[in-house]
Amino acid sequence: MTGKPSAASTLPSQYSPAEVEAPLYERWVERGYFTADPDSGKPPFSLVIPPPNVSGALHIGHALEQSMMDALTRRARMRGFDTLWLPGMDHASIGVQTLVERYLSETEGKGRFDYTREEFIGKSWEWKERYGGQILGQMRRLGDGVDWSRERFTMDEGLSTAVQTIFKKLYDDELIYRAERIINWCPRDLTALSDIEVDHAEEQGELISIRYGDGEVSIVVATTRAETMLGDTAVAVHPNDERYQHLIGAEVALPLTNRRIPIIADEHVDPTFGTGAVKVTPAHDPNDFEIGRRHDLPMPTIMDERGVIIAPGPYAGLDRMEARYSIVAALREDGRIVAEKRPYQHSVGHCSKCDTVVEPRLSLQWWVRVETLAKAAADAVRDGRVVIEPASLAPRYFQWVDSLRDWCISRQLWWGHRIPVWYSPDGDDMCFGPDETPPAGWTQDEDVLDTWFSSALWPFSTLGWPEDTKDLRTYYPTTVLVTGYDILFFWVVRMMLFGLYAMAGEVPFKTVVLHGLVRDSSGKKMSKSRGNVVDPLLWIDAYGADAVRLSLLQGANPGADQAINEEWVVGARNFCTKLWNAARFAMISGATVDGPLPATPAGADAWILSRLHEVIAEVDRLYERYEFAKIADVLYHFAWDEVCDWYIELAKLALGGRAAPDTRRVLGEVLDTLLRLLHPMIPFVTEALWTALTGGESVVIAPWPAADSSRADAGAAADVAAIQAVVTEVRRFRSEQGLKPAQRVPARITGAAATVEPAVRALLRLDEAGDAFTPTASLTTSRAVTIELDLSGTIDVAAERARLAKDRAAAEKELATNTAKLGNEAFLGKAPEAVVGKVRDRLAAAEAEIARIDAALAALPHA
RNA sequence: GGGCGCGUAGCUCAGUGGGAGAGCGCUCGCUUCACACGCGAGAAGUCGCUGGUUCAAUCCCAGCCGUGCCCACCA
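Per our numbering, the very first residue in the first sequence carries number 6; after that it's consecutive.
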């Protein structure tokens, strides 16, 4: 026997995660359980972590996402796969550069441009070594079974090589190009942003209607950005707009300047909006830029990169917001403002990193031509090579990928992958690969790449690409990607673009599992400004990593947001304690995992084994659909309601009798299996208990349970169902009669099977009827078991009558419902036979129930 | 404007064409020999509204009301 009753009996009654977790984790790592082995001969199961920012701390969303990934990985390992969960971090170009700038400002009192590029990058690496990567330690706290030997960073040498290699390939294939276009510019961070790095917010602004020109040739335009009029080079109207036909081709005087600008016709203009006339500022508005291109308009830039007016004149040197105010004032003085709508609600773009209002700006940048790449990315999902779970979120993927616009990838930053393009003294440009040397005298492009460019390579760059490594051959395509639906556009789409392109059409992952956002207890998004952000580490400290993981997984319905608060974590912690005590009981009781299971287990033993194997099958089925919340629910209720509340109570009886050895073995089997089933979700407490219970090396490497349908035992299940029904009914009677739970009562039981009666007596504390037995109360349960009790006192007739009356009312309702159904010809004619039969059964049951209750009522003494 | 979703017990959420569920909370009782982070019993919902399909609708369809998110546009 490997159970250790002597040790177990000294276990405290409560689990102390803080003492147990860290040593267990270190042991797992030291023993190499998490290290993948492509030579193992086992089938591969691989996934890459969505790399957290090097500057980030573990937040509740990470905790959820990583709990999901860890559960999948641990289960796969137990099922015999060679598992690789690859960890790492993202360099977070703009985010980290901003932090480093702030840090340098605080510590050295200098700005970015007080350093050379090389100095600044050196400072950034120093910052990264000193302050970055704290999340890695936090992942250990959570219990993440990642392969630390394969940890990667998006700026490490191999990944930088991958970036340069794919850039050159794209450049050579003419899928990367340089062009002057309107981009989103952050005047604070001084860099271009991609469309998705801009957050739009509805704001109260003003809509000013301005009269351009005078007399015969005048036209009213409306704008929310009066200051951009300094860059106007036309006024546009719709070509079919009756009101303005006579003006098309004319020139109007642009107020506050001595310029005259043409009135042009363009389809883009919506004649129903405002006056139907639009001022055109090609260098400062994306739509105006397109109009400008169509009509070959001049495109003067009127602001510098910080948003300060540079157009010559009285407004030069003013910030764009100051200029707006001054220009509106000047126009008003001139009598040119014909209408002002204030407040005027409209959408304004902000830098997603620093919240500064972005400035559309004409600028020379590098772009990825996405059309063919996006087509391939869409096809891979349409033809099922990549499955999105839940499927209901696939339209979001298509919505994005089917309308993808060229991706601006250059950033005017220093922290990141520098664009591998060099310029000759004559201004020619050429891209060079990692093993190529540009000619002397050529200078490299100053810009770095969008952070997401390197993230897009993550599923293969981390495995060694462009080298043809064993890891790459073994683990690509990765099995599954787990990430939030909010990151579908930023990251998933881009991995699809580049994965299919770089890996000869092979998808980066076979399944995308999308989770939702973790919100606060009332369903509100967590944010610093709301002050409702929770720190998972504080909860780990207070309740243990398992409790945090379980509480998050209990809410993890596919693709759906979830609300969480501390109460949930407390509940999960309580479950861990319950499990702890169940295992403690098993060990105290001499449960064992040695030897074969009994060939013919007795009632409760047979029943719980039958249920156990149903649960295994159910859990397997749910894992295939990534239904973490339901897996947690099934195991929670099986463990608590069935194993603890019924099986252990029934086993206590058997442990005193002849069947004790069988029960000890079954009890061991049930706990062993339950702990293995729970291990992927709550690794620490299951490890502590499983090793103590079984004496095995580690549950991490224990085999995943296999469902065995031959364990099904309908007879045993029926017996236990009868016990549960009778016990529950009599307990209710006892409770309503005010009998103390501990009070033993003599009773005569008739109608109960031999397999049922002893359990009923024990669980209800009913003694054998002795010689002096005088029944004073009798109840017939729904299972046709009659129990006569000698209460040696008066029973509460009124309470009992009320209880029975209530039951009778419920049965009457049931009777009426089913009688009505059976009286309905259409129902009898059209409903399936099975449904009709079920209704007949229920009708009969209701009739029997009423008869039983009436008999019980009649047997009650009159008050 | 386009797309997706939600509205079920006080709260947070599952769920199904044929008997309304869970966790927490609430009420009552309990130092019952694993566990008070526990045990037992219990109360609690016109399944948003209206109409339709069906023998049968919380579930399918339409409309409405409320609510959330994503994309595009917003001169």
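From the three backbone atoms N, C-alpha and C, an ideal C-beta is built for every residue, glycine too.
This one's a predicted model, so the numbers in the text were calculated from it and none came from an experiment.
### Query
How about residue 558 and residue 643: are their beta carbons less than 7 angstroms apart?
In this structure, residue 643 does not lie closer than 7 angstroms to residue 558 by Cβ.
### Task
Could you tell me how far apart the beta carbons of residue 411 and residue 375 are, in whole angstroms, since I believe they sit closer than 8 angstroms?
Contact between residue 411 and residue 375 holds, with the beta-carbon distance rounding to 6 angstroms and staying under 8 angstroms.
### Message
In this structure, how does DSSP classify residue 795 when only helix, strand and coil are distinguished?
### Response
In the structure shown, residue 795 sits in coil (DSSP, three-state: anything other than H, G, I, E or B).
### Query
When the Cα atoms are used, what is the spatial distance from residue 73 to residue 764?
Separation of residue 73 and residue 764 (C-alpha to C-alpha, rounded to the nearest whole angstrom) is 41 angstroms.
### Message
Closer than 8 angstroms is the cut-off here; do at least three beta carbon pairs connect the segment 424–444 with the segment 164–173?
### Response
Output reads yes: the segment 164–173 touches the segment 424–444.
### Task
Figure out for me which residue from 263, 70 and 728 has the closest Cα to the Cα of residue 517.
That would be 70, whose Cα lies nearest to the Cα of residue 517.
### Query
If you drop the 5 nearest sequence neighbours on each side, which residues of the same chain put their C-beta closer than 8 angstroms to that of residue 11?
Unreliable placement is indicated for residue 11, whose pLDDT of 41 sits below 50; no coordinate value is reported for it.
#### Entry: Collapsed DSSP secondary structure at residue 773 in the structure displayed
Here residue 773 sits in strand by DSSP.
#### Entry: N-terminal and C-terminal residue of the alpha helix (DSSP H) that residue 367 is part of
For residue 367, no alpha helix (DSSP H) segment is defined; the enclosing uninterrupted segment is the beta strand (DSSP E) at 364–373.
### Query
Where do the ends of the beta strand (DSSP E) carrying residue 49 lie?
Looking at the DSSP string, the run of the beta strand (DSSP E) that includes residue 49 is 49–53.
### Task
Could you tell me the distance, in whole angstroms, from the CA atom of residue 176 to the CA atom of residue 351?
Whole-angstrom Cα-Cα distance: 39 angstroms.
### Query
Tell me, which residues are paired with residue 128 by DSSP?
Partner(s): none; residue 128 has no beta bridge.
#### Entry: Helix, strand or coil at residue 14 according to DSSP, with G and I counted as helix
Any answer about residue 14 is weak, because its pLDDT of 49 lies below 50 and its placement is not dependable; what the coordinates show is given next. Residue state, collapsed to three classes: coil.
### Cβ pair count under 8 angstroms reaching 3, the segment 415–431 against the segment 546–554
No, the segment 415–431 is not in contact with the segment 546–554.
### Task
Could you check if residue 370 is buried or exposed, using at least 16 other CB atoms within 10 Å of its CB as the buried criterion?
With 16 or more other Cβ atoms within 10 Å, it is buried.
### Task
May I ask you to report which of helix, strand or coil DSSP gives residue 515?
If DSSP states are grouped into helix, strand and coil, residue 515 belongs with the strands.
#### Entry: Span of the alpha helix (DSSP H) around residue 377
Its alpha helix (DSSP H) spans residues 376–387.
### Task
Indicate whether residue 676 and residue 588 have their beta-carbon atoms separated by less than 7 angstroms.
Taking 7 angstroms as the cut-off, the Cβ atoms of residue 676 and residue 588 count as close.
### Query
Taking one C-beta from the segment 30–42 and one from the segment 500–512 each time, how about it: are there three or more such pairs within less than 8 angstroms?
No contact exists between the segment 30–42 and the segment 500–512.
#### Entry: Of the residues 514, 583 and 322, the one placed nearest residue 394, counting alpha carbons only
When each option's Cα is compared against that of residue 394, the closest is 514.
### Query
Where does residue 23 land, buried or exposed, given buried means 16+ other C-beta within 10 angstroms?
Exposed.
### Task
From the DSSP output, in three-state form, read off residue 67 for me.
DSSP, read as helix, strand or coil, puts residue 67 in helix.
#### Entry: Those residues which DSSP pairs with residue 327 across a bridge
Note: residue 327 is not bridge-paired with any residue in the DSSP secondary-structure output.
### Query
Who are the near neighbours of residue 155 in its chain, counting only those whose CB is closer than 6 angstroms to its CB and skipping five residues on each side?
Residues 91 of the same chain have their beta carbon placed closer than 6 angstroms to that of residue 155, with the five preceding and five following residues left out of the count.
### Message
Among the candidates 805, 766 and 218, whose CA atom is the shortest distance from the CA of residue 747?
### Response
The shortest C-alpha separation from residue 747 is found at 766.
### Query
Would you report the Cα separation of residue 818 and residue 864, rounded to the nearest angstrom?
The straight-line gap separating the alpha-carbon atoms of residue 818 and residue 864 is approximately 23 angstroms.
### Message
Let me check one thing: in DSSP terms, what residues is residue 219 bridge-paired to?
### Response
222.
### Query
So is residue 595 buried or exposed if we call it buried at 16+ other beta carbons inside 10 Å?
Counting the other Cβ atoms within 10 Å of the Cβ of residue 595 gives 16 or more, which makes it buried.
### Endpoints, alpha helix (DSSP H) assigned at residue 447
No alpha helix (DSSP H) contains residue 447, which DSSP labels as neither H nor E.
### Task
Taking 8 angstroms as the threshold, find out whether the segment 444–453 comes into contact with the segment 47–55 through three or more Cβ pairs.
Taking 8 angstroms as the limit for Cβ pairs, the verdict is that the segment 47–55 does not touch the segment 444–453.
### Query
At which residues does the alpha helix (DSSP H) containing residue 610 begin and terminate?
Counting along the chain, the alpha helix (DSSP H) containing residue 610 begins and ends at 608–629.
### Query
Taking C-alpha atoms, which residue in 388, 707 and 781 lies nearest to residue 683?
Nearest C-alpha to residue 683: 707.
#### Entry: residue 853 burial status per 10 Å Cβ neighbour count (16 or more: buried)
Classification of residue 853: exposed, given that the 10 Å Cβ count is below 16.
### Query
In whole angstroms, what separates the C-alpha of residue 8 from that of residue 36?
Per-residue confidence for residue 8 stands at a pLDDT of 37, beneath the threshold of 50, marking its modelled position as unreliable; the derived number appears in the next sentence. The straight-line gap from Cα to Cα measures roughly 24 angstroms.
### Task
Using beta-carbon positions only, say whether residue 157 and residue 467 come within less than 7 angstroms of one another.
Against a cut-off of 7 angstroms, the Cβ pair of residue 467 and residue 157 comes out as a contact.
### Inter-residue spacing [alpha-carbon to alpha-carbon] between residue 491 and residue 601
Rounded to the nearest angstrom, the two C-alpha atoms are 50 angstroms apart.
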